[in-house]
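Trainee: Below you'll find the structure I mean.
This is the structure we're talking about:
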């Protein structure tokens with residue numbers, strides 16, 4: 002009885018994520034696409050809460066929705082997309098795209114046909130996910146210190162690169 | 614009723630990944646191609662966090678943070694390229710941008 006409500010929320014969020022993702026890639030107006038992307042990202046943030054990843058849910062809302070999507074919206078307004086909205090929206094690569102979707106479908110059918118034991122994953126090793134933020138801090142600053150510093154370097158390089166490329170004249 | 618099996622998260626992630634792939638392959642607008650790449654990276658993150666929950670280990674969530682960092686860097690550079698491209702070519706259609714030099 003206790004798990005009925007979390008299960009319901011998982012399937013609700015999954016439906017929201019998939020429907021808004023499909024709307025994201027099919028809208029003609031790029032602003033509408035960005036708005037549907039926000040709905041998708043909110044659904045994923047809800048999924049993180051569902052999986053006891055509270056810190057990641059907050060980061061998802063702050064960085065993805067507050068940062069990246071706003072960046073997208075700014076660029077959409079800077080770049081004149083009215084012309085592009087009136088043109089043909091899709092190119093002729095449906096065969097490859099449907100091939101990719103077909104591979105996923107085959108995979109699904111294969112695993113469902115193998116039944117219950119195909120979904121057996123490794124058992125937890127007795128760790129814990131709570132307190133979430135503290136454990137992520139331990140992971141980032143102790144176990145993954147070098148990747149963490151490299152990530153900050155990557156962000157610096159990306160920032161400089163974006164500024165250099167978006168600048169009007171490089172004199 | 615059992616809790617949500619990890620396999621369902623994996624299938625959701627695969628479906629979201631496929632939607633992103635279809636968006637990248639079929640759309641002409643470069644901005645929407647970048648948005649589709651964000652969908653793909655989110656699919657990866659769902660997988661990482663789902664297995665982090667399955668194994669009760671926080672390492673998957675640390676990796677998800679690195680994926681978010683990469684997504685931010687990729688979006689910044691990609692949108693810079695789009696602005697530079699639009700200034701030079703006056704188009705955002707991926708199939709019209711076919712020159713190495715102009």
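Protein chains in written order, with the numbering used here: chain X, 2 to 172; chain E, 614 to 715. Heads up, the beta-carbon is just placed ideally off N, CA and C, and yes, glycines get one too. From a predicted model like this one, the values you see are computed outputs, not experimental measurements.
Determine the chain X residues that contact residue 576 (chain E) at a beta-carbon separation under 8 Å, and present them in chain order.
Mentor: Given a span of 614 to 715 for chain E in the structure shown, any question on residue 576 (chain E) remains unanswerable.
Trainee: Can you look up residue 655 (chain E) in the DSSP assignment and give me helix, strand or coil?
Mentor: Look at residue 655 (chain E) here: in three-state DSSP terms it is helix.
Trainee: Under the rule that 16 or more other beta-carbon atoms within 10 Å means buried, what is residue 2 (chain X), buried or exposed?
Mentor: Reliability of the predicted coordinates at residue 2 (chain X) is poor, the pLDDT of 49 falling under 50, and no value is obtained from them.
Trainee: Write down the C-beta distance between residue 72 (chain X) and residue 684 (chain E) rounded to the nearest angstrom, noting that I regard them as a contact closer than 8 Å.
Mentor: Contact doesn't hold; Cβ gap of about 11 Å is too wide.
Trainee: Kindly list the residues whose CB is nearer than 7 Å to the CB of residue 46 (chain X), restricted to its own chain and excluding five residues on each side of it in sequence; keep chain order.
Mentor: 58, 61, 62
Trainee: Using beta-carbon positions only, say whether residue 652 (chain E) and residue 22 (chain X) come within less than 8 Å of one another.
Mentor: yes
Trainee: Assuming residue 166 (chain X) and residue 697 (chain E) make a contact with CB atoms under 8 Å, what is their CB distance in whole Å?
Mentor: The pair is a contact, with the Cβ atoms about 5 Å apart (cut-off 8 Å).
Trainee: Could you tell me the alpha carbon to alpha carbon distance between residue 110 (chain X) and residue 117 (chain X), rounded to whole angstroms?
Mentor: Roughly 13 Å separates the two Cα atoms.
Trainee: Assess contact between the region 622-636 of chain E and the region 129-140 of chain X, defined as three or more Cβ pairs (one per stretch) separated by less than 8 Å. Is contact present?
Mentor: The region 129-140 of chain X and the region 622-636 of chain E do not touch, with fewer than three beta-carbon pairs separated by less than 8 Å.
Trainee: Could you name the residues of the same chain whose beta carbon sits closer than 6 Å to that of residue 660 (chain E), not counting the 5 residues immediately before and after it, in chain order?
Mentor: 626
Trainee: Buried or exposed: where does residue 122 (chain X) fall if 16 or more other Cβ atoms within 10 Å of its Cβ makes it buried?
Mentor: exposed
Trainee: Along the chain, where does the alpha helix (DSSP H) that runs through residue 160 (chain X) open and close?
Mentor: Residues 146-167.
Trainee: Do residue 64 (chain X) and residue 44 (chain X) count as a contact pair if the criterion is CB distance below 8 Å?
Mentor: no
Trainee: Residues of chain E with CB under 9 Å from residue 132 (chain X), in chain order?
Mentor: The contacting residues do not exist; residue 132 (chain X) stays about 10 Å from chain E at best.
Trainee: With distance defined between alpha-carbon atoms, name the residue in E:649, E:705, E:644, E:675 nearest to residue 658 (chain E).
Mentor: E:675
Trainee: Just list the alpha helix (DSSP H) runs in the region 77-159 of chain X, keeping only unbroken ones of 4 residues or longer that don't cross its boundaries, in chain order.
Mentor: Correct list: 83-87, 95-115, 133-139.
Trainee: Can you name the start and end residues of the alpha helix (DSSP H) that residue 635 (chain E) belongs to?
Mentor: 619-639
Trainee: Going by alpha carbons, who is nearest to residue 95 (chain X) out of E:624, E:702, E:640?
Mentor: E:640
Trainee: What span of residues does the alpha helix (DSSP H) with residue 701 (chain E) cover, start to end?
Mentor: 672-702
Trainee: Would residue 642 (chain E) and residue 15 (chain X) be called neighbours here (beta carbons separated by less than 8 Å)?
Mentor: no
Trainee: Per DSSP, what kind of secondary structure is residue 8 (chain X) in: helix, strand or coil?
Mentor: Helix at residue 8 (chain X).
Trainee: Against residue 648 (chain E), what residues of chain X qualify as contacts under a CB-to-CB distance less than 7 Å, listed in chain order?
Mentor: Within chain X, the residues near residue 648 (chain E) are 25, 34, 35, 38, 73.
Trainee: Return the chain-ordered list of same chain residues with a C-beta closer than 7 Å to the C-beta of residue 645 (chain E), the five sequence neighbours on each side being excluded.
Mentor: 636
Trainee: Under 8 Å between beta-carbons, which chain E residues line up against residue 128 (chain X)? List them in chain order, please.
Mentor: 668, 669, 670, 671
Trainee: List the whole-angstrom C-beta distance separating residue 31 (chain X) from residue 106 (chain X), where the pair is believed to meet the contact cut-off of C-beta under 8 Å.
Mentor: Contact flag wrong, Cβ pair sits at about 29 Å.
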